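The structure under discussion appears below in the form of structure tokens.
There are 2 protein chains.
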Amino acid sequence: MSDVLIPSPTGNTRIFAVVGDPIKQVKAPQLLNKVFTEEGVDAVMIAVHARPEQLATVIRGLQAMENFSGMLITIPYKFATCEFADTLSLAVKVSGSTNALRRNEHGVWEADNFDGTGFVLGLQRKGYELPGKRVLMAGGGGAGSSIAAALLQAGIDRLYLQEPDTVKALELIARLDQHWPGRCEVAQPAHLRSVDLAVNATPLGLSDEDPLPIDLDNLSAGTRVADIIMQPVETRLLREAQAAGHPVHPGSYMLNEQLGCYKTFFGI
Amino acid sequence: MSDVLIPSPTGNTRIFAVVGDPIKQVKAPQLLNKVFTEEGVDAVMIAVHARPEQLATVIRGLQAMENFSGMLITIPYKFATCEFADTLSLAVKVSGSTNALRRNEHGVWEADNFDGTGFVLGLQRKGYELPGKRVLMAGGGGAGSSIAAALLQAGIDRLYLQEPDTVKALELIARLDQHWPGRCEVAQPAHLRSVDLAVNATPLGLSDEDPLPIDLDNLSAGTRVADIIMQPVETRLLREAQAAGHPVHPGSYMLNEQLGCYKTFFGI
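Residue numbers (the numbering used here), protein chains in the order written: chain Y, 1 to 268; chain X, 269 to 536.
If you want it as structure tokens, here you go:
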């Protein structure tokens, strides 16, 4: 059980949820409930475990609750949940991936995705300048595609996408090309030497036994290595990158910035 | 906000809900969450506001959540929710009214109603003997019908039902008659003098301006007067009954016993 203490929900409490499968690993309820309590907001976030065959029933059920205000979406549903929104942000349109839904004051359900915004804000907070940079992105899933869009919007010059599912990779590049033409391509081994920043947006590293998602041996000295994995805080990728002299950027930076994005989005 | 402090829900927390319309007045989340916390149970109860046209979507949504364990049902849905259960307890079958639904270990949704059990336990806890008694019951709604069934099961001799909706009254008497034949009838003014116990199970008394639900002037000395209204703690009915020398029995006694019933039902 969490050591974060909050007031018990009552009949007046607005409900928020984080929806995923599995759900045990999520940290959003503890983080958001701490914010609600500190800021005196009468709201609570619960973690909801939805199996794939029940996803639509669960989400429609949450949306049908009069005192339900919004939800976060986590694995594996970031690509499946656009259909539950009435309007999509640019980040959602480009990435095809949603991580937050809210009911606005007119009863309209709005979808957004703050993975990318949070990641970019995390870099900027550390003084890292994105315009003109060359970036290797490992992983074109829900988080990776949202981060790719946010990096391009922040002005990077080139995005090299390393994604073993070729169809998925080409589809994402085509979507990104519509907004930022000619700046994305499938990563080739030769690209590694030229990048300023290498980002892991795959699940590799959740376990210490996973293979490394990025070939550190071929990066140039000074290339920054970023991970979006939150747990463990220091992945093997970051540990080995640091040992090889690279500056590193852990997943917690993105999460911290996302929290601010969620607060704004949910009107806390 | 509640002054009951509880651990923040996490990804491991089982979810319970109380469903109604309106919902602001419910006390179940504070009461149950206090119990969860005191007993170290990793669970949380939220209050869910469901409009009539959304009721089925909301309840099916809750039931579809993998980590959702059970719900309490409050006004106006006690009669509408049997259809969401796979099995019905005797109290539900007789009263037609549900106030609790749980998912058992086989994934089967079971409906029960503890209004009656709680009320009867509350009387018994005060040393009141029910066998052979004559009872006036004001109100044949969700709570009244469940209490009527529990009183008959506890051995009362006669139940006089005072319910202005004649069709509703006759239907309830017919259902009770199937289990306890010949012991229920529509209340007539002459019955009042003969009863040992008079119970208010109508909403009259929520406001101090409401008319009295029971004609106190025609009760015999010593007739016990019970109310199931929780808020205000002392209704005008109880105040005037006490002034007239009758023993009284407030709604909180039923609620306290129901809490124990819910704990058992939900496996806490």
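Using N, Cα and C, we set each Cβ at its ideal position, and we do this for glycine too.
Since this is a predicted model, take the numbers as computed values, not measurements.
- In the three-state scheme derived from DSSP, where H, G and I count as helix and E and B as strand, residue 54(Y) is classed as helix.
- Ranking 358(X), 472(X), 473(X), 514(X) by CA distance to the CA of residue 484(X) puts 514(X) first.
- If you ignore the 5 residues before and after residue 220(Y), its C-beta comes within less than 6 Å of the C-beta of 193, all in its own chain and listed in chain order.
- Restricted to the segment 43-103 of chain Y, the alpha helix (DSSP H) segments that are unbroken, complete and at least 4 residues in length are 55-64, 90-95, listed in chain order.
- Burial is judged here by how many other beta carbons sit within 10 angstroms of a residue's own beta carbon; residue 182(Y) has fewer than 16 and is exposed.
- By the Cβ-count criterion, residue 375(X) is exposed, with fewer than 16 other Cβ atoms from all chains shown falling within 10 Å of its own Cβ.
- A direct Cα-Cα distance of roughly 52 Å separates residue 345(X) from residue 137(Y).
- Around the beta carbon of residue 378(X), 16 or more other beta carbons sit within 10 angstroms, so the residue counts as buried.
- Against residue 60(Y), the close residues of chain X are 325, 329, in the order they occur along the chain (beta-carbon pairs closer than 8 Å).
- The beta-carbon distance between residue 74(Y) and residue 332(X), rounded to whole angstroms, is 17 Å. This is too long to meet the 8 Å contact definition.
- Boundaries of the alpha helix (DSSP H) harbouring residue 125(Y): 115-125, taken from the DSSP string.
- Rounded to whole angstroms, the separation of the alpha carbons of residue 437(X) and residue 363(X) is 12 Å.
- As the crow flies, the alpha-carbon of residue 312(X) is around 7 Å from that of residue 277(X).
- DSSP places residue 284(X) in the strand class (E or B) of the three-state scheme.
- Taking the Cα of residue 16(Y) as reference, the smallest distance to any Cα among 3(Y), 24(Y), 101(Y), 55(Y) is reached at 101(Y).
- As summarised for the segment 215-245 of chain Y, the continuous beta strand (DSSP E) elements at least 3 residues long and confined to that stretch are 224-227, given in chain order.
- Residues of the segment 18-29 of chain Y that bring their beta carbon within less than 7 Å of a beta carbon in chain X comprise 23, 24, 25, 26, 29, in sequence order.
- For residue 427(X), the enclosing beta strand (DSSP E) begins and ends at 426-430.
- Taking the C-beta atoms as reference points, residue 466(X) is found no nearer than 8 Å to residue 409(X).
- Apart from sequence neighbours up to five positions away, no residue of its chain approaches residue 260(Y) with a beta-carbon distance below 6 Å.
- Counting only runs of 3+ residues, the beta strand (DSSP E) found wholly inside the segment 159-218 of chain Y occupies 184-186, 197-200, in chain order.
- The beta carbon of residue 203(Y) does not come within 8 Å of any beta carbon belonging to chain X, so the residue lies off that interface.
- By alpha-carbon distance to residue 248(Y), the top candidate from 163(Y), 123(Y), 42(Y) is 123(Y).
- Secondary-structure assignment with DSSP links residue 22(Y) through no beta bridge to anything.
- Around the Cβ of residue 308(X), a 10 Å sphere holds fewer than 16 other Cβ atoms; the residue is exposed.
- Residue pairing by DSSP places residue 404(X) opposite 428(X), 466(X) in a beta bridge.
- In the DSSP assignment, residue 7(Y) forms a beta bridge with 273(X).
- Residues 418, 529 of the same chain have their beta carbon placed closer than 6 Å to that of residue 385(X), with the five preceding and five following residues left out of the count.
- Residue burial annotation: residue 504(X) is buried, with at least 16 other C-beta atoms found within 10 angstroms of its C-beta.
- Neighbours of residue 49(Y) in chain X, taken as residues whose beta carbon is under 7 Å from its own, are 333, 334, 335 in chain order.
- The residue from 209(Y), 204(Y), 52(Y), 91(Y) with its alpha-carbon nearest to that of residue 115(Y) is 91(Y).
- Contact with chain X is found for residue 34(Y), since one of that chain's Cβ atoms lies less than 8 Å from the residue's Cβ.
- Under a criterion of Cβ atoms nearer than 8 Å, the residues of chain X adjacent to residue 7(Y) are, in order, 269, 270, 271, 272, 273, 274.
- A direct Cα-to-Cα measurement between residue 33(Y) and residue 274(X) gives close to 11 Å.
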